[in-house]
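Enquirer: Submitted below is the structure of interest, expressed as structure tokens.
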Amino acid sequence: VTAARAAWPHRHLLDVDGLSWPDIELVMRTADEMVDVVAGRRAAEPVLRGVGVTILFYEASTRTRVSFELAARQLGASVVSVSAAGSSVTKGESLLDTVRTLEAEGAEMLVMRHGVSGAPYLVAEHFGGNVLNGGDGWHAHPTQALLDLYTIRAHLPSSGSGRRGTKPRGSARRDEAGGWSLAGRKVAIVGDVLHSRVARSNVWTLTAAGADLWVCGPSTLLRGFDAWARAGVGGERRFTVTSDVEAALRDADVVMTLRLQKERMASGLLPSLREYAATHGISRERLALAAPGAIVMHPGPMNEGVEIEPDVANGPQSVVTEQVANGVPIRMALLKLLRGAVA
Amino acid sequence: MSPRAAVAARSGLEIGKPVDLDLSRTWLVDPVAGREGPAEIVVRGGVVAAVRWLRGPEAAGIDDRGIIVAPGFTDLHVHLREPGNEAAETIATGLAAAAHGGFTTVCVMPNTTPALDHPWLLDGFRAAVAGSGSPVRALPYGAATAGRAGEQLAPIGELGDAGAIGFSDDGAPIRSAPLLRSALAYAGMGGLPIVDHAEDPTLTDGAEANEGLIATALGLKGWPAAAEASAAARDVAILADVVRDVPGARLHLTHLSTGASLEVVRRAKAAGLPVTCDVTPHHLAFTDEWLAGARRFAWEALDADGAARDPWRDGVLTARPFDSSLRVNPPLRSALDATACLAALLDGTADAIATDHAPHAAVDKDVEFGLAANGISGLETALGLILEAVAAGRLPLLRAIQALTSGPARVLGARAPIAEASIMEGSPADLVVFDRSARWTVTREALASRGKNTPLVGRELPGQVLLTVAGGRLASTNPLG
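Protein sequences appear in the order of chains L and C. The numbering of the first sequence is this note's numbering, which starts it at 2 and goes up by one. The numbering of the second sequence is this note's numbering, which starts it at 411 and goes up by one.
This is the structure we're talking about:
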């Protein structure tokens, strides 16, 4: 047990860029406990009994919203769910007025999804309790990135030898301490990176884990990422950006596909869904370039036949349903840790 | 002797009243003559009675880091919001803010509600200026197109006759190339400039932040530098055609923010075209990394070899990201662009520093970053930011003062009713006195503007303005000594 175990220093979860590697490890370990709680192997800890958790979603969502609700209920919270369409938001109420109202009505933890990047940061400055970002614009989806990492961790034990040669400095140090890392592992994120908050949060967590990260898509959907890769994600991290899907997939241990939205054609970024599927869709043939036993991930909802072929989406290498299932323990872990930080 | 003892008011100081001043042992900057040094100035009844450069023992101990006297500043670009949005600013509060910042002349953009696109609207403007009691000159731009709608010309001739100093659809770039050509030609008959906000709106639809590392990492929609450079290039190409037929045609590109658009102006000037431009204090001093929470100045965000640094790697993200006080059009750019703005001032490509003072009510700023109104309240912090650049060795004091005085006067041309940018015996005193070493904290209360929308709230700036005198009359004063 390290000193980091006891100390969760964050009042809010707005993004993953501010999390240290010990913070992330603490989330993973706490999620391990929560898996046992969900499975009935461990007594439930009602650490949120009597705590008002309000789930405020300005965008449609199925899995994230349901997963947060289940997680909060498992921990004993009283959960209120607000969707923007059914509230005074449609009457033009400002975000801060809405949040003040919810706080006056007993919200102590606020889970929010919002279409404008950065909105949770504004809320966090004015809300008395904890804010959990359930996705903001193109910016961040921290719980998704953490559940993705948790899912990868279950499938890829630390690669002791680092089969791709040199390991980044940071993760080598972690290996000496005996912790899990993705050093020597290649992860490829393929799809509409430009508009993806999932991709952005995964850039932070996967590179922090020591992965050799490749981000791939048509050049119109990668705009700006080259500048980011050149800057190095704030340290000695491995981050490559390419339009070449074969280079991205070759020997990858993890292939993460992203949803392609139909409005990308209307805005002139792509010629057609058909062409996208042909050039960047994940098919069995393309997946064969990846390492044997590579896992295939997707944050959902999937457009089968566009960014991912149905036989891959539902095939033996797919861990998509595990990702969904891991959403509950990861969110339980985060709710518990954040509440503990305030108490 | 305390430095402020050098500034003695012979009579009681009252806003709007002629002043009697004895400014002894000060550092005088004369931007027209390109001269600076120890001097004393005497003002009687609002008129400069004596200007005497000091030499030898009299000048001992006086340097450019103490009390500085300069001609009153001219701001080519302010928004005063009246009529239509008096919660954000009124003409009276805007002029008080100008005086507090050392400005004695402000050029007022016409994007009010209604837009200033008819001569009769100038009567209301002048009445509000007179009613403010401020001696600061407020010079109006007229709209370039009716209602700033970009469809037909505003009555440019009548507006010019009624006192408009130029024409602009600022905030709404003139999209139609034929209409811009007509506006340049028409205003050119009277020798008045078209002031264009250079932006290709088809490249900036929904844009939130300068395209690059910061916008990408923050998930903000990119605002390409090319949107400004391509619009500037179009404007200059049209000007080149127009000026052959209408020699009086003049183009002023305001708030240029990128190295590429400044290069367009640099080449146009080299080709002899009648184009001028300004840059803002915020584009000189701030960069897009402030959106991520950095608060270092642009010149601190460059490597020794001139490359932009990564604020995550440097661990300088100290403030809350997505602060909507930083949302501005054009957006805060990279450190390289900010450096290009400074270089343009140094080589004369940029004629002036203008604030683009854009006050907003809290209700329009305390919202999500992407939904917040564009603009920074800038009149009162301009001098401080510029002095930071001076202190960092990026801009000589004389050049900085020129960009606030003789530079904008040259942009406006001979037709503009402004004072000579020089302190001359026998003329009404039009000057600013500031203590370069005195630091002050920017607070909401300290700002005379109703617009508290500046990322500098809570920060100390150098260069406290002690006195602003416009047309011989007191415009602003801080407690002396």
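Using N, Cα and C, we set each Cβ at its ideal position, and we do this for glycine too. Fair warning: this is a prediction, and the values are worked out from it, not measured in the lab.
#1: Return helix, strand or coil for residue 32 (chain L), following the three-state DSSP convention.
#2: Using DSSP's beta-bridge definition, name the partner residues of residue 134 (chain L).
#3: Judging by CA-CA distance, which residue of C:686, C:777, C:626 and C:642 is the nearest neighbour of residue 668 (chain C)?
#4: Within 7 Å of any Cβ in chain L, is that where the Cβ of residue 647 (chain C) sits?
#5: In angstroms with no decimal places, state the Cα-to-Cα distance between residue 620 (chain C) and residue 237 (chain L).
#6: Find out if the Cβ-Cβ distance for the pair residue 218 (chain L), residue 194 (chain L) is shorter than 7 Å.
#7: What's the C-alpha gap between residue 727 (chain C) and residue 130 (chain L)?
#8: For residue 110 (chain L), count neighbouring C-beta atoms within 10 Å of its own C-beta (all shown protein chains included) and say buried if the count is 16 or more, exposed if not.
#9: So the alpha helix (DSSP H) residue 313 (chain L) belongs to, where does it begin and stop?
#10: Do residue 56 (chain L) and the ligand MG come close, with the Cβ less than 6 Å from some heavy atom?
#11: In whole angstroms, what separates the C-alpha of residue 286 (chain L) from that of residue 251 (chain L)?
#12: DSSP state of residue 554 (chain C), grouped into three classes?
#13: Is residue 665 (chain C) buried or exposed, if buried means 16 or more other CB atoms sit within 10 Å of its CB?
#14: Please report the straight-line C-alpha distance between residue 606 (chain C) and residue 211 (chain L), rounded to a whole angstrom.
#15: CA-CA distance, residue 499 (chain C) and residue 636 (chain C)?
#16: To which residues of the same chain is residue 566 (chain C) closer than 6 Å at the C-beta, ignoring the five residues directly before and after it?
#17: Given this structure, state the Cα-to-Cα distance separating residue 751 (chain C) from residue 136 (chain L), to the nearest angstrom.
#18: Output needed in chain order: residues of the stretch 695 to 712 of chain C with a Cβ under 7 Å from some Cβ in chain L.
#19: Verify whether the separation of the beta carbon atoms of residue 678 (chain C) and residue 646 (chain C) is less than 7 Å.
#20: Do you know offhand how far residue 628 (chain C)'s Cα is from residue 696 (chain C)'s?
#21: Looking at the C-beta of residue 172 (chain L), does it have a partner C-beta in chain C at a distance below 7 Å?
#22: Out of L:341, L:262, L:127 and L:257, which one is the CA nearest neighbour of residue 105 (chain L)?
#23: Measure from the C-beta of residue 122 (chain L) to each C-beta in chain C and report whether the shortest distance is under 7 Å.
#24: Could you tell me which residues DSSP puts in a beta bridge with residue 60 (chain L)?
#25: Would residue 22 (chain L) pass as an interface residue toward chain C - the criterion being a Cβ-Cβ separation below 7 Å?
#26: I'd like to know whether the C-beta of residue 251 (chain L) is nearer than 7 Å to at least one C-beta of chain C.
#27: Can you tell me where the alpha helix (DSSP H) holding residue 205 (chain L) begins and where it ends?
#28: Buried or exposed for residue 178 (chain L), please, with buried defined as at least 16 other CB atoms from any protein chain shown within 10 angstroms of its CB.
#29: Would you please verify whether the beta carbon of residue 612 (chain C) is less than 7 Å from any beta carbon of chain L?
#30: Whose C-alpha, out of C:538, C:719, C:543 and C:583, is nearest the C-alpha of residue 558 (chain C)?
#31: I need the straight-line Cα distance from residue 634 (chain C) to residue 455 (chain C), nearest angstrom please.
#32: Can you list, in chain order, the residues of its chain whose CB lies under 7 Å from that of residue 844 (chain C), leaving out five sequence neighbours each side?
#33: Quick one: using the 10 Å Cβ neighbour count with 16 as the cut-off for buried, is residue 470 (chain C) buried or exposed?
#34: From this set, L:60, L:56, L:61 and L:64, which residue's C-alpha is nearest residue 79 (chain L)'s C-alpha?
#35: Which residue comes first and which comes last in the alpha helix (DSSP H) that contains residue 466 (chain C)?
#36: Buried or exposed: residue 765 (chain C), going by 16 or more other Cβ atoms within 10 Å of its Cβ?
Expert: This is what the structure gives:
#1: On the first sequence, position 31 is the one that residue 32 (chain L) refers to. DSSP places residue 32 (chain L) in helix when its eight states are reduced to three.
#2: By one-based count along the first sequence, residue 134 (chain L) stands at place 133. The partner list for residue 134 (chain L) (beta bridge, DSSP) reads L:113.
#3: Against the second sequence, residue 668 (chain C) aligns to sequence position 258. Of the candidates C:686, C:777, C:626 and C:642, the one whose C-alpha sits nearest the C-alpha of residue 668 (chain C) is C:642.
#4: As a first step, residue 647 (chain C) must be located in the second sequence, where it is residue number 237. Residue 647 (chain C) has a beta carbon lying at 7 Å or more from every beta carbon in chain L.
#5: As a first step, residue 620 (chain C) must be located in the second sequence, where it is residue number 210. As a first step, residue 237 (chain L) must be located in the first sequence, where it is residue number 236. Near 25 Å, if we compare the C-alpha coordinates of residue 237 (chain L) and residue 620 (chain C).
#6: Locating residue 218 (chain L) in the first sequence gives position 217, counting from the first residue. Locating residue 194 (chain L) in the first sequence gives position 193, counting from the first residue. For the 7 Å CB-CB criterion, residue 218 (chain L) and residue 194 (chain L) form a contact.
#7: On the second sequence, residue 727 (chain C) is found 317 positions in, with the first residue counted as 1. On the first sequence, residue 130 (chain L) is found 129 positions in, with the first residue counted as 1. Near 23 Å, if we compare the C-alpha coordinates of residue 130 (chain L) and residue 727 (chain C).
#8: Taking the first residue of the first sequence as position 1, residue 110 (chain L) is located at position 109. That one is buried.
#9: For this step, residue 313 (chain L) is matched to residue 312 along the first sequence. First-last of the alpha helix (DSSP H) with residue 313 (chain L): 311 to 314.
#10: Inclusion of the ligand MG in the displayed structure is not the case, the ligand content being empty and no account of it being possible.
#11: Counting from one through the first sequence, the residue named residue 286 (chain L) turns up at place 285. Counting from one through the first sequence, the residue named residue 251 (chain L) turns up at place 250. So the alpha carbons of these two residues sit roughly 12 Å apart.
#12: In the second sequence, counting from the first residue as 1, residue 554 (chain C) sits at position 144. In the structure shown, residue 554 (chain C) sits in coil (DSSP, three-state: anything other than H, G, I, E or B).
#13: As a position in the second sequence, residue 665 (chain C) is number 255, starting the count at 1. Buried, because 16 or more other Cβ atoms sit within 10 Å of the Cβ of residue 665 (chain C).
#14: If you number the second sequence from 1, residue 606 (chain C) lands on position 196. If you number the first sequence from 1, residue 211 (chain L) lands on position 210. Using only the alpha carbons, I get a separation of about 49 Å.
#15: Walking along the second sequence from the start, residue 499 (chain C) turns up at place 89. Walking along the second sequence from the start, residue 636 (chain C) turns up at place 226. Going by the C-alpha atoms only, they are around 32 Å apart.
#16: As a first step, residue 566 (chain C) must be located in the second sequence, where it is residue number 156. Contacts found: 577, 596 and 597.
#17: Position 341 of the second sequence holds residue 751 (chain C). Position 135 of the first sequence holds residue 136 (chain L). Each residue's Cα considered, the two are about 37 Å apart.
#18: Of all residues in the stretch 695 to 712 of chain C, none comes within less than 7 Å of chain L when Cβ atoms are compared.
#19: For the purposes of this step, residue 678 (chain C) is taken as residue 268 along the second sequence, with counting starting at 1. For the purposes of this step, residue 646 (chain C) is taken as residue 236 along the second sequence, with counting starting at 1. Yes, they are a contact pair.
#20: Sequence index remark: in the second sequence, residue 628 (chain C) carries index 218 (1-based). Sequence index remark: in the second sequence, residue 696 (chain C) carries index 286 (1-based). Those two C-alpha atoms are separated by around 17 Å.
#21: Along the first sequence, one-based indexing puts residue 172 (chain L) at 171. At residue 172 (chain L) the pLDDT is 40, less than 50, meaning the model places this residue with poor confidence; the figure from the coordinates comes in the next sentence. Residue-level contact check: residue 172 (chain L) does not touch chain C, since none of the beta carbons of chain C fall below 7 Å from its beta carbon.
#22: Numbered from 1 along the first sequence, position 104 holds the residue referred to as residue 105 (chain L). Measuring from the Cα of residue 105 (chain L), the nearest candidate turns out to be L:127.
#23: Start at 1 with the first residue of the first sequence, and residue 122 (chain L) comes out as number 121. Judged by the 7 Å Cβ criterion, residue 122 (chain L) is in contact with chain C.
#24: Along the first sequence, one-based indexing puts residue 60 (chain L) at 59. None; residue 60 (chain L) has no bridge partner.
#25: Sequence index remark: in the first sequence, residue 22 (chain L) carries index 21 (1-based). So, not an interface residue.
#26: Taking the first residue of the first sequence as 1, we reach residue 251 (chain L) at position 250. Not one chain C Cβ lies under 7 Å of residue 251 (chain L).
#27: Counted from its first residue, the first sequence places residue 205 (chain L) at position 204. First-last of the alpha helix (DSSP H) with residue 205 (chain L): 198 to 209.
#28: Walking along the first sequence from the start, residue 178 (chain L) turns up at place 177. Note on residue 178 (chain L): pLDDT 49, under 50, position unreliable in the model; the coordinate value appears next. With fewer than 16 Cβ atoms within 10 Å of its Cβ, residue 178 (chain L) is classed as exposed.
#29: Within the second sequence, numbered from 1, the residue matching residue 612 (chain C) stands at position 202. Under the 7 Å criterion on CB atoms, residue 612 (chain C) is classed as non-interfacial with respect to chain L.
#30: Position 148 of the second sequence, counted from the first residue, corresponds to residue 558 (chain C). Closest by alpha carbon: C:583.
#31: In the second sequence, counting from the first residue as 1, residue 634 (chain C) sits at position 224. In the second sequence, counting from the first residue as 1, residue 455 (chain C) sits at position 45. Straight-line Cα distance between these residues: approximately 53 Å.
#32: Against the second sequence, residue 844 (chain C) aligns to sequence position 434. The answer, listed in chain order, is 478, 512, 793, 873, 874, 875 and 876.
#33: Within the second sequence, residue 470 (chain C) is the residue found at index 60, counting from 1. By the neighbour-count rule (16 or more Cβ atoms within 10 Å), residue 470 (chain C) is not buried but exposed.
#34: Here residue 79 (chain L) corresponds to residue number 78 of the first sequence, with the count starting at 1. Per the Cα distances, L:56.
#35: Translated into the one-based positions of the second sequence, residue 466 (chain C) becomes position 56. 466 to 469 is the span of the alpha helix (DSSP H), which, as asked, contains residue 466 (chain C).
#36: Your numbering for residue 765 (chain C) matches position 355 in the second sequence. By the beta-carbon neighbour count (other beta carbons within 10 angstroms, threshold 16), residue 765 (chain C) is buried.
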